[in-house]
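Just so it is clear: in the sequence shown, position 471 is 453 by the working numbering, and no numbers are missing. Ideal Cβ positions, reconstructed from N, Cα and C, are used throughout, including at glycine. A quick note: this is a predicted structure, and the numbers were derived from the prediction, not measured.
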Amino acid sequence: MRDDNGPGLRHGSSQALLTVLLLTTLVSTVAGLRWSARHPLGTSWDESEYLNLMVQEVQDARDLGVLRAAKMVRWTDSGRPPAYRVAAFPLAEAFGPNLRMLRALCLVVLLLTSAVIYRAARLVSEQSVAAVGAACFALSYAPLWASAHFGTDYVLYLGTAGLYSCLVSYAVRPANADAWLWAGLVASVALGALSKVSFLPIGLPAILAFLVVGWRGRFAKRVLWLVGTGAATGLLVTVPWWSVNYRAAMSLAQFASGFVRHDFPWLTESFWRLFGPPVAALVVLLAVALAQRRQLLRQAMSSSQRLVVFSTCVAGAVPLFLLHFVGSNHNMRLVSPALIPSILGASLLAHEAGVVRVRGAVAIAGTVVVLQGAYMIHHFETSTIDLWDWDPLLELCDQHGLRDPVVKHLGQAIAFNPPAVSYPWIRRGRTVHDSWLWRFEQGPIDWDRIGREVSTADVVVTAPGYTGDPDDKEPLDNQHNAELVSRLETLSAFEPPTELRLGRFDTRVLVFFRRRAR
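Right, here's the structure in full:
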């Protein structure tokens, strides 16, 4: 399906391009590590929660033993498959649950994922096309920015890339279908299914398409049998977790799909948040070039091997894009795994259409990817997130004799949420009970309910002058902060507020403590 040295491209030129793209990717990854060093605390509700869970699991392993802590994984964070925690646990156990180390793991796995994509793309295209495709994934805004944070995406990317690499190998080199390839397929399906619910619409349709189109294309029964049994075995490995947590996982996935804080972006903004301007421009150029060679592509798709590969990639990419479109949560990070089959499908088309033969095509593609790397480096170097260190709140609670306080808060910010507020206690192996009094999705605020909630709190926290980021609808959450302060100041059950100044903007945060009987 491809020539090793690439049509019309000298081997030396291809190697030079590969070296330049590899260096660009590595430098961009270092920029991500530098950004992480400047932001040592969780930069969102999700990342703070994942960090808290890792801290707790390391503590459990040391208190209860590794084996007993491992058994508890099935019931910990029941809404999210556990691969992101299991993969990070050895690192967290060896070096402590340091957020910078966990983010470094995510970036290293992103590089590994890109290597897997490169290997799969080399089966269907020349070296230059495969190198550009792999670099485009590693440097696109959504995957690289997601991997600079500790979350669930890094294992999902690797599982997805592994799955498509195995499927492409089965399609292109059926004679090489040995036990190692079958084991790789099993491991990839298991890793993907234990990474995130979104692996199901990106993995299962691809496997089904491979089997159906392969059967119609008269693929060897042995190949279809190996793919079918490998996928089934991989899913079977995940049954112990899914059998316990199916309802919780699907409920969380439904909630995430209906999350209304990320509005549907305009087309240009979607490209900006998913790819970044240079790669988005390259996608447009490739689409134009393929449209001009559609007759050549029709002839190429007459091959059963090419048809199976392309059908598998389309079947894997389209469902996730459609689910993203019809849902309410339009965070482009959520659709980024679909870039993996999209890149492989585009690599096949670019090879078969002879795009690389166009004069200057390789130089243009290489330049665009280098510009993309420069764009992401600039983004990392100039991006600053206002993090609030809540250690002063813990110190105040200790001064008031509150070892395991019940904290209620009103308001929302990147670092003003229950996981972020709770982190100082969890890091020290202590207990705190923090909850959000009201969020705008709940409808008009009910002050009677707020009053009942406040009556059970040891501590009430709010930021009366804080507005927040309108892109995340934070002003809607913070619109009643000042009124809560005025109401608490009239309650004799609470002391006058203590003022904290948090973050790089010295945001004014007020802390109300319940009066204690003398």
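Using CA atoms only, rank isn't needed, just tell me which of the options is closest to residue i.
| i | options | result |
| --- | --- | --- |
| V352 | L94, F119 and V91 | F119 |
| L234 | R498, L484, R486 and D59 | D59 |
| R412 | A161, N227, V37 and T7 | V37 |
| C88 | V106, A74 and F132 | F132 |
| T25 | F494, R483, R431 and N399 | N399 |
| E363 | V98, W127 and A102 | W127 |
| G144 | W162, Y136 and L167 | L167 |
| L121 | L105, L5 and L163 | L5 |
| F257 | D488, M358 and L218 | M358 |
| Y146 | V2, G450, A172 and L326 | L326 |
| V195 | H382, K455 and L289 | L289 |
| A356 | T11, T1, L(-1) and R44 | T11 |
| L15 | W27, L81 and Y66 | L81 |
| F181 | P22, W27, P323 and P387 | P323 |
| V209 | V221, P222 and V171 | V171 |
| S(-5) | F487, G348 and A395 | G348 |
| F201 | A165, R155, Q424 and Y100 | R155 |
Ends of the alpha helix (DSSP H) at residue i?
| i | result |
| --- | --- |
| T215 | K203 to V219 |
| E251 | L249 to L256 |
| F119 | Q109 to L121 |
| V270 | P259 to Q274 |
| D45 | W27 to L46 |
| V68 | A65 to F77 |
| C427 | Correcting the residue identity first, residue 427 is Ile in this sequence and not Cys. Premise fails: I427 is in no alpha helix (DSSP H) and is neither H nor E. |
| V106 | Counting along the chain, V106 falls outside any alpha helix (DSSP H), and DSSP gives it neither H nor E. |
| E377 | D373 to Q381 |
| L145 | D135 to V154 |
| P323 | L321 to E334 |
| S293 | S286 to V308 |
| P400 | P400 to R409 |
| L466 | N463 to L470 |
Which value, in whole angstroms, describes the spacing of the CA atoms of residue i and residue j?
| i | j | result |
| --- | --- | --- |
| R85 | Q(-3) | 30 Å |
| R198 | V296 | 17 Å |
| L392 | V443 | 7 Å |
| V340 | A332 | 11 Å |
| L278 | A153 | 21 Å |
| L267 | P260 | 11 Å |
| T448 | P479 | The displayed chain sequence assigns Tyr, not Thr, to residue 448. Distance between the alpha carbons of Y448 and P479: 16 Å. |
| K178 | N460 | 31 Å |
| A263 | A328 | 15 Å |
| R490 | S18 | 25 Å |
| L186 | Y405 | 37 Å |
| I189 | L302 | 15 Å |
| R469 | T366 | 34 Å |
| D428 | F495 | 22 Å |
| S318 | R243 | 18 Å |
| T472 | L8 | 58 Å |
| L321 | V300 | 10 Å |
| V48 | A69 | 14 Å |
| R500 | E29 | With a pLDDT of 42 at R500, under the threshold of 50, the predicted position of this residue should be treated as unreliable, and no value is reported. |
| G(-12) | A113 | Only weak support is given to the placement of G(-12): the predicted model assigns it a pLDDT of 42, under 50, and the value that follows is read from those uncertain coordinates. Looking at the two C-alpha atoms, the distance is approximately 12 Å. |
| G(-10) | A343 | Its pLDDT being 43, under 50, G(-10) is placed unreliably by the model, and nothing is read from it. |
| T95 | Y139 | 6 Å |
| S252 | R204 | 42 Å |
| F487 | D453 | 19 Å |
For residue i, report the span of its beta strand (DSSP E) as first-last.
| i | result |
| --- | --- |
| D416 | H415 to W418 |
| L392 | V388 to L392 |
| V338 | That residue, V338, is in no beta strand (DSSP E); it is neither H nor E in DSSP. |
| V491 | T489 to F495 |
| R483 | T480 to L484 |
| T444 | V441 to T444 |
Among the residues of its own chain, which have a CB less than 8 Å from the CB of residue i, if the five just before and after it don't count?
| i | result |
| --- | --- |
| S239 | L305, G309, S310 and N311 |
| R62 | T134, K178, A231 and L234 |
| S151 | A102, L105, N158, A159 and L163 |
Short of 6 Å in beta carbon distance, which residues of its chain neighbour residue i, apart from the five on each side in sequence? Order them along the chain.
| i | result |
| --- | --- |
| D(-14) | Residue confidence for D(-14) is low, a pLDDT of 49 falling below 50, so the modelled location carries little weight and cannot support an answer. |
| W224 | none |
| S284 | none |
| L149 | F192 and T294 |
| G115 | A103, I325 and S329 |
| A117 | L3, T7 and V351 |
At a cut-off of 7 Å, is residue i close to the ligand HEM when judged by its beta-carbon and the heavy atoms of the ligand?
| i | result |
| --- | --- |
| P22 | Within the structure as shown, the ligand HEM is missing, as the structure has no ligands at all. |
Can you give me the Cβ contacts of residue i inside the same chain, cut-off strictly under 7 Å, excluding the 5 residues immediately before and after it?
| i | result |
| --- | --- |
| K390 | S417, L419, E435, V436, A439 and V442 |
| P497 | The residue asked about is misnamed: residue 497 is Arg in this sequence, not Pro. Contacts found: A475, F476 and E477. |
| V111 | A103, S329, A332, H333 and V338 |
| D245 | H312 |
| L378 | T480 and V493 |
| T215 | V168 |
| T220 | A172, A175 and L176 |
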